[in-house]
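Each residue of the sequence shown is one higher than the last, beginning at 38 in this note's numbering.
Ideal placement from N, C-alpha and C gives every residue a C-beta, glycine not left out.
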Amino acid sequence: MSQGHRSEEVVRVNLLFFAKSRELVGTSSLDNFPLATSGGHLSGSAVLGTICERFPELVAIRDSVIIAHNEQYCEDLTEPISLADGDEIAVIPPIAGG
Numbered sequence: 038m039s040q041g042h043r044s045e046e047v048v049r050v051n052l053l054f055f056a057k058s059r060e061l062v063g064t065s066s067l068d069n070f071p072l073a074t075s076g077g078h079l080s081g082s083a084v085l086g087t088i089c090e091r092f093p094e095l096v097a098i099r100d101s102v103i104i105a106h107n108e109q110y111c112e113d114l115t116e117p118i119s120l121a122d123g124d125e126i127a128v129i130p131p132i133a134g135g
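The following block contains the structure:
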C-alpha cells in the first residue's frame, strides 16, 4: 500500500427513508447497509451516491434531499463524515407545506 493512503474500511449503517424517499424505495429503513470508507470517513456526497447506486429510484430527487448522520444534518456534503458500524443515515426529501 502506498504511503499517505488510508485503508479502505467497510462500515455497516442503518438507513432511514422519509416521505418521498420512502415511497420511492418502498421501505422506511434498511439495517446493515455497507459503505466502503477511507479509514472510517466518507463525504456526505459519497454516502448519498452509494445509497443512490443501491436505490436508483432516488436519483430523481438526489439534488433536493438532505442527509442526516446520527440525527445531525449534513449541511456540507463535501465534508467527511466519521462513520462507525451501527450509525444512522437518514435520507430526507424537502417537505412541501401549504
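Cα-Cα separation between residue i and residue j, rounded to whole angstroms
i: Cys89; j: Val62; result: 10 Å
i: Phe70; j: Ala121; result: 12 Å
i: Ser66; j: Glu46; result: 23 Å
i: Gly81; j: Ala73; result: 13 Å
i: Pro117; j: Gly77; result: 10 Å
i: Leu144; j: Glu94; result: Since the first residue shown for the chain is 38 and the last is 135, residue 144 is missing from the structure and cannot be characterised.
i: Thr87; j: Asp113; result: 17 Å
i: Glu60; j: Leu52; result: 14 Å
i: Phe92; j: Asp68; result: 14 Å
i: Thr64; j: Cys111; result: 22 Å
Whole-angstrom C-beta distance between residue j and residue i, which should lie under 8 Å
i: Val128; j: Val102; result: 6 Å
Beta-carbon spacing of residue i, residue j below 8 Å
i: Pro130; j: Phe55; result: yes
i: Val50; j: Glu125; result: yes
i: Ile140; j: Lys57; result: Lying outside 38 to 135, the shown extent of the chain, residue 140 is not represented and no answer is given.
Paired residues, beta bridge with residue i - DSSP
i: Ser101; result: Its beta-bridge partners do not exist; DSSP assigns none.
i: Asp87; result: The residue you asked about is not Asp; residue 87 is Thr in the sequence shown. None, per the DSSP bridge assignment.
i: Asn51; result: Glu125
i: Ile132; result: DSSP output for Ile132 lists no bridge partner at all.
i: Ala73; result: Val47
i: Ser28; result: As shown, the chain starts at 38 and ends at 135. That puts residue 28 outside it, with no answer to give.
Within-8 Å CB hit, residue i to chain B
i: Ala83; result: The chain inventory of the structure shown lacks chain B, comprising one protein chain alone.
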